[in-house]
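Reading through the C-alpha cells given below for one structure.
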Amino acid sequence: MSSLTKLNFKIISHLMGLLLMVNGGFMLLSAIVSWYYNDGKLNEMLLASAVAVGFGAAVMLLTRNHRKEIQKREGYIIVAFGWIFMALIGTLPYIFTGAISSFTDAFFETMSGYTTTGASILTDIEVVPRGVLFWRSITHWIGGMGIIVLAIAILPLLGIGGMQLFAAEAPGPSGDKLHPRITDTAKRLWLIYVGYTVAETILLKMAGMSFFDAINHSLATLSTGGFSTKNASVAFWNDNPMVQYIIIVFMFLAGSNFVLSYFAFKRKFQKIFQDEEFKLYSIFVVALTVVAAFLIYFEADLNISSISHPMVWGPVENAVRHSLFQVLSIITTTGFVTADYTLWTPFLTIFFFGMMFLGGCAGSTAGGIKIMRHLIMIKNGVLEFKRTLHPHAILPVRYNSKAIPQPIVYNILGFFILYMLSFIVGTLVFSWLGLDFQTALGGAASTLGNIGPALGNLGPVNNYAALPDAAKWWSSFLMLIGRLELFTVLILLTPFFWRNR
C-alpha cells in the first residue's frame, strides 16, 4: 500500500473546508464594514463571503464521514495547504470589488496579509474602499496568531484532537503550554490576543485616531503585520507622538512570548523576569535604540529624511521616538514606517538591514529567526570553546536553568543554516528576475523574515508594485515558508515525506 493511500485525505479536506468557512465569516464582517461606511462595495463583499462559505460548506459536507484522527504528516499538509487555500480564496474581495484587478497582485497582497509581512502592491491605499481595507487588515489578524491555532480552538466541536496541528503551526521553537489541553491553550492565547487588540483600539482612538484607523492599526500591530490605512503609514501621525508611543508599546508586547503575557495577568512576574529570551529581547531593543538615536541625533537630518518631520517634543525626543519605533518595527517584523531609515546614514541602512535577521520572541506573532534561537546558538558557540579545552566534559546548553536536549540544539542550528540558504537562494532568484543587488538583498531578507519594508526600490517609502509577476510569486513563496518556519513547507518538497512508512 502506498503512503498516499495511508494519508487521511478526508480529514485534510474537511479542515480545508472549515478554514474556508472561517475565511468567509471574516469576509462577511468586512461586508458589514462596507455597509456601515457606505463605500459602494457591499454586494461584491457579500458575494465574496458567499462563495467562500458555500465552497467551504460543500467540502465539509462531502467529507463529513471522515476518520477523526490527525497524524503528524496530515498536520503538516493541513497547515501548508491551509495557508495556500486561504490565500487563494482570500483574493476574492480584491478581485470582486476591483480594488486589485490582477490575480497575481491580489494573491501577493493576500499572502502578505496572512503571513503578516505587510508588503503591498497598492500604490494609493487611501482610495481603496473601507470594506476592502478592513479585509486587508483582518488577513493580518487571522495570520498573526495562526489560522490553525484558531481552528484547533474549535476542533473539539468536531471531535478532533489538534496537537499535530499546533505542533506544525505554533510560532517559534518554544513548547510552553498554558494548559494541559491544547485547545484550551489556543483559547487562552486568542483571549489575550483579542484583549490586546481591543485595548490598543481604545487607546489609539483616545489619542486622536479615527475609530476606523484605530482598529485597522490595532489589527496590524498585534499581528506584527504592518498594513496601514495611510499611504505614509504611521508617519501620517508624526505630529501626534502619543499615537506612535501607543503603537510602540503594543509592538513590544506582540513581539514577546504571549505565554509571558498570560503569566503577567496571573501575576507570576517572577517567570517573566527569569525568562532569558525576554531579557535578551529587551536588551536588544534598548541597546539598538540607543545606538540608532545617537546616530540620528548627531549625524542624520530628520528634517530631510523623515516622511513627515515636525519636532513636536524637541529634537532629542524626535530622534529617540523614530529610532525606538523603527527598531521595534524591524525586530518584531511589524513593518510600520515613521521615516525612511535608508536615507539617514549608510551605517544605519546596514544597521537596520542586520536587524531583519533577529526576529521577535518564540511564541509571539513576530516572524524572523527568533531571539530564542539566537540565544541558544550563542550559548552553544561559547560552549564549543570550552569543549575544545575539555573534550571529555559533558557541557549541556542551558536555557532558563534547564538543560536543552541535544536534538533541539541540532534542530536550531539546522534551521539557521536552512534560513540563511533560503535567504541566499532568494536573493539569487530576485537578481535573476532583474532586481538590482540592493533591492534583491533587501527583498529576500524582508519577505523571508515577514517584515515588509526592505532596501533599494523596496525601501520604506516604496512598495512591491513594480516587481515583475514572477518576482511577486517568488516573494509569496518566501513569505509562506518564512511564516511557517521553513520546515513545515519545505518538508513537503522532500521525496521521503511521501514514501511508505
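Here our numbering is used: the first residue of the sequence shown is 4, the next is one more, and so on. Using N, Cα and C, we set each Cβ at its ideal position, and we do this for glycine too. Keep in mind the model is a prediction, meaning the values are calculated, not measured.
- With a cut-off of 8 Å on Cβ pairs, the segment 485 to 497 is not in contact with the segment 251 to 263, counting fewer than three such pairs.
- Beta-carbon to beta-carbon, residue 354 and residue 251 are separated by about 19 Å, too far to satisfy the 8 Å threshold.
- The three-state secondary structure of residue 405, taken from DSSP, is strand.
- Residue environment: residue 352 is assigned as buried (16 or more neighbouring CB atoms within 10 Å of its CB, all protein chains considered).
- In this structure, 425 is the residue among 363, 465 and 425 with its C-alpha nearest to the C-alpha of residue 451.
- Around the C-beta of residue 467, 16 or more other C-beta atoms lie within 10 Å, and the residue is accordingly described as buried.
- In this structure, the CA atom of residue 440 is about 26 Å from the CA atom of residue 298.
- In this structure the segment 87 to 100 does not lie against the segment 458 to 473, because fewer than three pairs of beta carbons, one per stretch, are closer than 8 Å.
- Residue 257 carries a helical assignment under DSSP once its states are collapsed to helix, strand and coil.
- Judged by their CB atoms, residue 449 and residue 359 are nearer to each other than the 8 Å cut-off.
- Of the candidates 107, 104 and 135, 135 places its Cα closest to the Cα of residue 38.
- By the neighbour-count definition (other C-beta atoms within 10 Å, threshold 16), residue 318 is an exposed residue.
- Going by DSSP, residue 329 is part of the alpha helix (DSSP H) stretching over 318 to 334.
- Contact between residue 61 and residue 27 does not hold, since the beta-carbon distance rounds to 12 Å and is not under 8 Å.
- Here residue 475 is buried. Its C-beta has 16 or more other C-beta atoms within 10 Å.
- Of the candidates 190, 253, 198 and 470, 253 places its Cα closest to the Cα of residue 220.
- When C-alpha distances from residue 269 are compared across 383, 411, 405 and 195, the shortest belongs to 195.
- Contact check between the segment 286 to 295 and the segment 216 to 236: fewer than three CB pairs, one atom from each, fall below 8 Å, which does not count as touching.
- No Cβ-Cβ contact shorter than 8 Å links residue 241 with residue 128.
- The segment 110 to 121 makes contact with the segment 136 to 145; the number of CB pairs closer than 8 Å reaches 3 or more.
- If the five residues before and after residue 283 are omitted, its C-beta is found closer than 8 Å to the C-beta atoms of 374, 377 and 378, all from its own chain and listed in chain order.
- Its chain contains 36, 37, 40, 42 and 215 as the residues whose beta carbon lies nearer than 7 Å to that of residue 133, once the 5 sequence neighbours on both sides are disregarded; these appear in chain order.
- For the pair residue 402 and residue 97, the Cα-to-Cα distance works out to about 46 Å.
- Ranking 51, 78 and 148 by CA distance to the CA of residue 19 puts 78 first.
- Here DSSP, grouped into helix, strand and coil, assigns residue 15 to helix.
- If you draw a straight line from the Cα of residue 228 to the Cα of residue 396, it comes to about 45 Å.
- Spatial neighbours of residue 494 in its own chain (CB-CB distance under 8 Å, excluding positions within 5 residues in sequence) are listed in chain order as 79 and 500.
- Just so you know, the alpha carbons of residue 12 and residue 85 end up roughly 13 Å apart.
- Of the candidates 47, 120 and 107, the residue whose Cα lies closest to the Cα of residue 337 is 120.
- Judged by beta-carbon spacing, residue 210 lies within the 8 Å limit of residue 243, meaning their Cβ atoms are closer than that value.
- Judged by DSSP in its simplified three-state form, residue 501 adopts helix.
- An exposed status is given to residue 67, since fewer than 16 other beta-carbon atoms sit within 10 Å of its beta-carbon.
- Within the segment 362 to 403, the alpha helix (DSSP H) runs of at least 4 residues that lie entirely inside it are, in chain order, 374 to 392.
- The Cβ atoms of residue 339 and residue 237 lie closer than 8 Å to each other.
- Around residue 232, the same chain offers 136, 216 and 219 as residues with beta carbons nearer than 6 Å, after the five sequence neighbours per side are excluded.
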